[in-house]
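*Asks:* Chains as they are written, first to last, in this note's numbering: chain P, 1 to 333; chain Z, 1 to 337.
Idealized CB from N, CA, C, for every residue including glycine.
Bear in mind that the values here come from a model prediction, so they are computed numbers and not experimental data.
A single structure is presented below for examination.
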Amino acid sequence: MRKKLLAIILLAAAMAFALAGCGGSKGQSSQGGGKETAKQETQASDKIRVAVIVKALNSDYWHLVEAGAKDAGAKLGVDVTVLGPAAETQVTEQISMIEDQITKKVSALAVAPSQPSSAIPAFERAKAQKIPVVLIDTDAPWQDKVSFVGTGNYVGGKQAGEFLAKKLGKGAKIAILRGALGDPTHDERANGAVEVLKAQGLDVVTIQPANSERQMGMSVMENILQAHPDIQGVFATNDEMALGALRAIEAAHKNIIVVGFDGSPDALKSIKEGKLTASIAQNPYNIGYMGVEAAVKAAKGESVEKRIDTGTKVITKENVQEEMDNLAKILGR
Amino acid sequence: MLKTVSEKAVKEPDIQAEGKINWKDLLYSLGALLGLILLSAVLTVLSPDFLTLNNLMNIARQSAINSLISVGMLLTILTAGIDLSVGSVLALSTVVMAILIIKLHVSPFIGVLAGLCLGAFLGFMNGILLTKLHLPHPFISTLGTMNIARGLALIVTGATPISGFPFSVQFLGAAFWGPIPVSFMLVLVVFIIFHLFLTRTTTGRYIYAVGGNPEAARLSGVPVERVLVIVYTLSGFMAAVAGLVLIGRVNAAYPLAGLGYELDAIAAVIIGGASFFGGVGTVWGTLVGALIMAVLRNGLNLLGVSADLQTVAIGAVIIGAVYIDVLRQRAINKGRR
Numbered sequence: 001m002r003k004k005l006l007a008i009i010l011l012a013a014a015m016a017f018a019l020a021g022c023g024g025s026k027g028q029s030s031q032g033g034g035k036e037t038a039k040q041e042t043q044a045s046d047k048i049r050v051a052v053i054v055k056a057l058n059s060d061y062w063h064l065v066e067a068g069a070k071d072a073g074a075k076l077g078v079d080v081t082v083l084g085p086a087a088e089t090q091v092t093e094q095i096s097m098i099e100d101q102i103t104k105k106v107s108a109l110a111v112a113p114s115q116p117s118s119a120i121p122a123f124e125r126a127k128a129q130k131i132p133v134v135l136i137d138t139d140a141p142w143q144d145k146v147s148f149v150g151t152g153n154y155v156g157g158k159q160a161g162e163f164l165a166k167k168l169g170k171g172a173k174i175a176i177l178r179g180a181l182g183d184p185t186h187d188e189r190a191n192g193a194v195e196v197l198k199a200q201g202l203d204v205v206t207i208q209p210a211n212s213e214r215q216m217g218m219s220v221m222e223n224i225l226q227a228h229p230d231i232q233g234v235f236a237t238n239d240e241m242a243l244g245a246l247r248a249i250e251a252a253h254k255n256i257i258v259v260g261f262d263g264s265p266d267a268l269k270s271i272k273e274g275k276l277t278a279s280i281a282q283n284p285y286n287i288g289y290m291g292v293e294a295a296v297k298a299a300k301g302e303s304v305e306k307r308i309d310t311g312t313k314v315i316t317k318e319n320v321q322e323e324m325d326n327l328a329k330i331l332g333r
Numbered sequence: 001m002l003k004t005v006s007e008k009a010v011k012e013p014d015i016q017a018e019g020k021i022n023w024k025d026l027l028y029s030l031g032a033l034l035g036l037i038l039l040s041a042v043l044t045v046l047s048p049d050f051l052t053l054n055n056l057m058n059i060a061r062q063s064a065i066n067s068l069i070s071v072g073m074l075l076t077i078l079t080a081g082i083d084l085s086v087g088s089v090l091a092l093s094t095v096v097m098a099i100l101i102i103k104l105h106v107s108p109f110i111g112v113l114a115g116l117c118l119g120a121f122l123g124f125m126n127g128i129l130l131t132k133l134h135l136p137h138p139f140i141s142t143l144g145t146m147n148i149a150r151g152l153a154l155i156v157t158g159a160t161p162i163s164g165f166p167f168s169v170q171f172l173g174a175a176f177w178g179p180i181p182v183s184f185m186l187v188l189v190v191f192i193i194f195h196l197f198l199t200r201t202t203t204g205r206y207i208y209a210v211g212g213n214p215e216a217a218r219l220s221g222v223p224v225e226r227v228l229v230i231v232y233t234l235s236g237f238m239a240a241v242a243g244l245v246l247i248g249r250v251n252a253a254y255p256l257a258g259l260g261y262e263l264d265a266i267a268a269v270i271i272g273g274a275s276f277f278g279g280v281g282t283v284w285g286t287l288v289g290a291l292i293m294a295v296l297r298n299g300l301n302l303l304g305v306s307a308d309l310q311t312v313a314i315g316a317v318i319i320g321a322v323y324i325d326v327l328r329q330r331a332i333n334k335g336r337r
């Protein structure tokens, strides 16, 4: 009996070893720069190592961030490891990942915090170990960050406003659907659009929250159509709400220009089919790429801008195929 | 259910004969410990950052929440039950603490106490559903509570996180005593208390008896229903305690906290050598089980292994550990024939 048990334990250990071994090799393949093994990597401790920790590695969005980060690593000749928990709700797991990378004494961290205020104690720990932290995608109220590298939401909102103004001209009636009240990302997007629309003489008749959901976007739009049947254009501050609004508009057999935000795969598909008019696409590839660039600069002690805009662009029927091909190429499909 | 009862009957003498058989239990919890040591040795070789004071303290902190939930889960599994609601109970009790302390400016002490009582109450309800409403299996009662508590947590917070606790509330999860995290010291204290409770008190012995053979326990005068209610109440209470540590760790309470934690806790208990059929298991085995999971995650993080593969590794460890349990059952049955 004892012998059997011992055999099993040894077997389990061997299994763990094998797993860790193949895990290690996966880790290497996910390093953009050098093709070194874990051991060599620690020997060459002068080489810059950047850990990129995202909210989760379960969507195209984060895979694009990952691809950008790795390409930056390859270009700059630094080691880049991209990690993320299994789901965006795993806040404590993400914090553990940050802590473990600090233990590994990486040269710099680039983090997209799932819950910004919760990650601050971990950032403080990085600072105590003199590891610079760049925030990517999502900002956190932490003074000592090197930089925030992410979408310029205000500029993106202005682009949406300009697009609607160009398409519809003076006096057109516009409705805006936005994410949850008090969410700064959606404040910026909505405010950017409102500023341009007003300056160009369009009429923003209503701004309503639809909590970034497709279902809610649809019901809010149904109500808006009841109250303002003469609406000519809609700007939704994310694609989910835009696609929901579109359904309401289709059901009412109206012809209204709808502009979303994000450039999500669903939205691109809808644009290609001629349903959604446009989407203000974020650039997750740039978020990863420029995030690593900023982290490397910080690791070398060079100065980095406090805010880096990763750019947005208007996707319409004219350029949607190009954008889709481009994303597919980055994702390797 | 009937089948498990009859299996229990086979095993029962094994639990009651103390002195002689205990070495076997010791060996099995030692089995998990040996696994932990081997795993650590392998990781020490693979990653130079693994065996450092800093990292060991990280592991101590990262394991604390799961350890605290697991010790409550151990009690339910000892009675051949299960508590699926712990993750949701953790979430609801922490968001209630947050609302009381941050939004309503109740004194932190009262707010925390209320949250802990809520956790215990939800556990108590699990016990009542099982014993008084005679729901057929704790899987069902706690599955119900799991959904109710999660839904309530989402409703009362409007699905948004609440942050900004005073440090007194964060103390258990955030403070250090020298290099040692307070959360891990709490784990040790709690585990010592539960060890004494299970081995030195009548109620503790009853818990093993109920898991070993509920019918025999009832006939020999064990208040089975009361024991079950106590067990689920303690499980809910420990989930709320773990929630308090989580608050300190992330300085926030959020309605989706603890999602899937029940599965981590079950895994820790099972890896730690407790039997799913009840009656067998120790707090120290459970602690080792929780540490194995934390070491595995930490080590794979250090090696830069993706979260997906970590999940696979933990799954493999669970199957391996339960296979040991199966072999043990077989050996015991063979020994009796």
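Establish whether the CB of Gly260 of chain P and some CB of chain Z are separated by less than 8 Å.
*Replies:* Locating residue 260 of chain P in the first sequence gives position 260, where the first residue counts as 1. No, because no Cβ of chain Z sits closer than 8 Å to the Cβ of Gly260 of chain P.
*Asks:* Taking 6 Å as the limit between beta carbons, can you name the residues of its chain near Leu92 of chain Z, skipping five residues before and five after?
*Replies:* Along the second sequence, read from residue 1 onward, the residue named residue 92 of chain Z stands at position 92. Excluding residues up to 5 positions away in sequence, Ala149, Leu152 and Ala153 lie with their Cβ nearer than 6 Å to the Cβ of Leu92 of chain Z in the same chain.
*Asks:* Counting C-beta neighbours from all protein chains within 10 Å, is the total for His63 of chain P 16 or more, i.e. buried, or is it exposed?
*Replies:* Counting from 1 along the first sequence, the entry for residue 63 of chain P is found at position 63. Per the 10 Å Cβ criterion, buried.
*Asks:* Can you give me the start and stop residues for the alpha helix (DSSP H) that Pro121 of chain P sits inside?
*Replies:* Here residue 121 of chain P refers to the residue found at position 121 when the first sequence is read from its first residue. Where Pro121 of chain P is concerned, the enclosing alpha helix (DSSP H) stretches over Pro116 to Ala128.
*Asks:* Run through DSSP, which three-state label would Thr206 of chain P get?
*Replies:* Position 206 of the first sequence, counting from 1, holds the residue named residue 206 of chain P. Thr206 of chain P: strand per DSSP, three-state reduction.
*Asks:* Residues in the same chain with beta-carbon distance under 7 Å from Thr314 of chain Z, minus the five sequence neighbours each way, listed in chain order, please.
*Replies:* Reading the second sequence from its first residue, position 314 is the one you call residue 314 of chain Z. Rather than Thr, the amino acid found at residue 314 of chain Z in this sequence is Ile. Answer for Ile314 of chain Z: Ala267, Met293 and Leu296, listed in chain order.
*Asks:* Taking only the alpha-carbon atoms, compute the straight-line gap between Glu93 of chain P and Pro85 of chain P and give it to the nearest angstrom.
*Replies:* For the purposes of this step, residue 93 of chain P is taken as the residue at position 93 of the first sequence. For the purposes of this step, residue 85 of chain P is taken as the residue at position 85 of the first sequence. Taking the straight line joining both Cα atoms gives about 6 Å.
*Asks:* DSSP three-state label for Thr201 of chain Z, please.
*Replies:* Mapped onto the second sequence, residue 201 of chain Z falls at position 201. Residue state, collapsed to three classes: coil.
*Asks:* Three or more C-beta pairs closer than 8 Å, one from the segment 183 to 200 of chain P and one from the segment 215 to 229 of chain P: is that the case here?
*Replies:* no
*Asks:* For a quick check, are the C-beta atoms of Lys145 of chain P and Val155 of chain P less than 8 Å apart?
*Replies:* Indexing the first sequence from 1 puts residue 145 of chain P at position 145. Indexing the first sequence from 1 puts residue 155 of chain P at position 155. Taking 8 Å as the Cβ cut-off, Lys145 of chain P and Val155 of chain P do not qualify as a contacting pair.
*Asks:* Could one say the Cβ of Thr382 of chain Z lies closer than 8 Å to chain P's Cβ atoms, at least one of them?
*Replies:* Because chain Z here runs from 1 to 337, residue 382 of chain Z falls outside it and cannot be looked at.
*Asks:* In terms of residue numbering, what span does the alpha helix (DSSP H) encompassing Ser96 of chain P cover?
*Replies:* Within the first sequence, residue 96 of chain P is the residue found at index 96, counting from 1. Taken as a continuous stretch (DSSP letters only), the alpha helix (DSSP H) holding Ser96 of chain P covers Val91 to Thr103.
*Asks:* Pick out the complete alpha helix (DSSP H) segments inside the segment 257 to 336 of chain Z, 4 residues or longer, and give them in chain order.
*Replies:* The qualifying runs are 261 to 271, 283 to 302 and 307 to 336.
*Asks:* Using a Cβ-Cβ distance cut-off of 8 Å, determine whether Ile231 of chain P contacts chain Z.
*Replies:* Reading the first sequence from its first residue, position 231 is the one you call residue 231 of chain P. Closer than 8 Å: no.
*Asks:* Under three-state DSSP, which class holds Thr81 of chain P?
*Replies:* On the first sequence, residue 81 of chain P is found 81 positions in, with the first residue counted as 1. Thr81 of chain P falls in the strand class under three-state DSSP.
*Asks:* Provide the residue(s) that pair with Ala174 of chain Z in DSSP beta bridges, ordered along the chain.
*Replies:* Taking the first residue of the second sequence as 1, we reach residue 174 of chain Z at position 174. Paired residue(s): none; Ala174 of chain Z is not in a bridge.
*Asks:* Should Ala251 of chain P go down as buried or exposed, given a rule of 16 or more other Cβ atoms within 10 Å for buried?
*Replies:* For the purposes of this step, residue 251 of chain P is taken as the residue at position 251 of the first sequence. Exposed, since its Cβ has fewer than 16 Cβ neighbours within 10 Å.
*Asks:* Which residues in chain P have a C-beta closer than 8 Å to the C-beta of Ala174 of chain Z? List them in chain order.
*Replies:* Looking up residue 174 of chain Z in the second sequence gives position 174. Near Ala174 of chain Z (Cβ distances below 8 Å), the residues of chain P are Pro121.
*Asks:* Going along the chain, which residues of the segment 181 to 211 of chain P sit with their C-beta nearer than 7 Å to a C-beta in chain Z?
*Replies:* none
*Asks:* Hey, does Ser85 of chain Z have any beta-carbon neighbour from chain P nearer than 8 Å?
*Replies:* Within the second sequence, residue 85 of chain Z is the residue found at index 85, counting from 1. Residue-level contact by beta carbon fails for Ser85 of chain Z and chain P, as no gap is shorter than 8 Å.
*Asks:* Going by Cα to Cα distance, which pick from Z:Leu43, Z:Thr79, Z:Arg61 and Z:Phe121 is closest to Trp177 of chain Z?
*Replies:* Residue 177 of chain Z sits at position 177 when you count from the first residue of the second sequence. With distances taken between Cα atoms, Trp177 of chain Z lies closest to Z:Arg61.
*Asks:* Between Thr76 of chain Z and Ile82 of chain Z, is the Cβ-Cβ spacing less than 8 Å?
*Replies:* Numbered from its first residue, the second sequence carries residue 76 of chain Z at position 76. Numbered from its first residue, the second sequence carries residue 82 of chain Z at position 82. Cβ distance < 8 Å, so Thr76 of chain Z and Ile82 of chain Z count as in contact.
*Asks:* The segment 306 to 327 of chain P: which residues have C-beta closer than 9 Å to a C-beta of chain Z, in chain order?
*Replies:* Look at the segment 306 to 327 of chain P: it has no residue with a C-beta under 9 Å from a C-beta of chain Z.
*Asks:* Using only the alpha-carbon positions, how far apart do Ser303 of chain P and Leu100 of chain Z sit?
*Replies:* Your numbering for residue 303 of chain P matches position 303 in the first sequence. Your numbering for residue 100 of chain Z matches position 100 in the second sequence. One Cα belongs to Ser303 of chain P, the other to Leu100 of chain Z, and the distance between them is close to 44 Å.
*Asks:* I want to verify the contact list: residues of chain P whose CB lies under 9 Å from the CB of Arg330 of chain Z, in sequence order.
*Replies:* Counting from one through the second sequence, the residue named residue 330 of chain Z turns up at place 330. Residues of chain P passing the Cβ test: none, with the nearest at roughly 10 Å.
*Asks:* Might you give, ordered along the chain, the residues of its own chain that have their beta carbon closer than 8 Å to the beta carbon of Ile162 of chain Z, omitting 5 neighbours on each side?
*Replies:* In the second sequence, the residue the question calls residue 162 of chain Z occupies position 162. Result list for Ile162 of chain Z: Val95, Ala98, Ile99, Ile102, Lys103, Ala252, Ala253 and Tyr254, in chain order.
*Asks:* What are the residues that DSSP puts in a beta bridge with Ser279 of chain P?
*Replies:* Residue 279 of chain P sits at position 279 when you count from the first residue of the first sequence. Beta-bridge pairing links Ser279 of chain P to P:Gly260 and P:Ile315.
*Asks:* Kindly say whether Gln350 of chain P, judged by its beta-carbon, lies nearer than 8 Å to any beta-carbon of chain Z.
*Replies:* Since the first residue shown for chain P is 1 and the last is 333, residue 350 of chain P is missing from the structure and cannot be characterised.
*Asks:* In the segment 90 to 103 of chain P, which residues sit with their C-beta less than 7 Å from some C-beta in chain Z, listed in chain order?
*Replies:* Residues passing the 7 Å Cβ filter: Val91, Thr92, Ile95, Ser96, Met97, Glu99, Asp100 and Thr103.
*Asks:* Output, in chain order, the set of chain Z residues within a Cβ distance shorter than 9 Å of Gln57 of chain P.
*Replies:* Translated into positions along the first sequence, residue 57 of chain P becomes position 57. Residue identity check: residue 57 of chain P is Leu in the sequence provided, not Gln. Neighbours of Leu57 of chain P on chain Z, chain order: Ser306, Ala307 and Asp308.
*Asks:* Measuring only the C-alpha atoms, how far is Leu90 of chain Z from Arg249 of chain Z?
*Replies:* Your numbering for residue 90 of chain Z matches position 90 in the second sequence. Your numbering for residue 249 of chain Z matches position 249 in the second sequence. Between Leu90 of chain Z and Arg249 of chain Z, the C-alpha separation is close to 14 Å.
*Asks:* Under three-state DSSP, which class holds Pro181 of chain Z?
*Replies:* Here residue 181 of chain Z corresponds to residue number 181 of the second sequence, with the count starting at 1. Judged by DSSP in its simplified three-state form, Pro181 of chain Z adopts strand.
*Asks:* Using the Cβ count rule (16 or more neighbours within 10 Å means buried), how would you classify Gly236 of chain Z?
*Replies:* Along the second sequence, read from residue 1 onward, the residue named residue 236 of chain Z stands at position 236. Burial call: buried.
*Asks:* Within 8 Å (strictly less), CB to CB, does Ser118 of chain P reach chain Z?
*Replies:* The residue given as residue 118 of chain P occupies position 118 in the first sequence. Yes, because at least one Cβ of chain Z sits closer than 8 Å to the Cβ of Ser118 of chain P.
*Asks:* Below 8 Å on C-beta distance, what does Thr138 of chain P contact in chain Z?
*Replies:* To locate residue 138 of chain P, count along the first sequence from 1; it is residue 138. Correct list: empty, because the minimum Cβ distance to chain Z is about 13 Å.
*Asks:* Suppose the cutoff is 8 Å on Cβ atoms and the five residues either side in sequence are ignored; what does the same chain contact list for Ser6 of chain Z look like?
*Replies:* One-based indexing of the second sequence puts residue 6 of chain Z at position 6. Because Ser6 of chain Z sits at a pLDDT of 39, beneath the cut-off of 50, its placement in the model cannot be relied upon, and the following sentence gives the value as read from the coordinates. Hits under 8 Å: none found.
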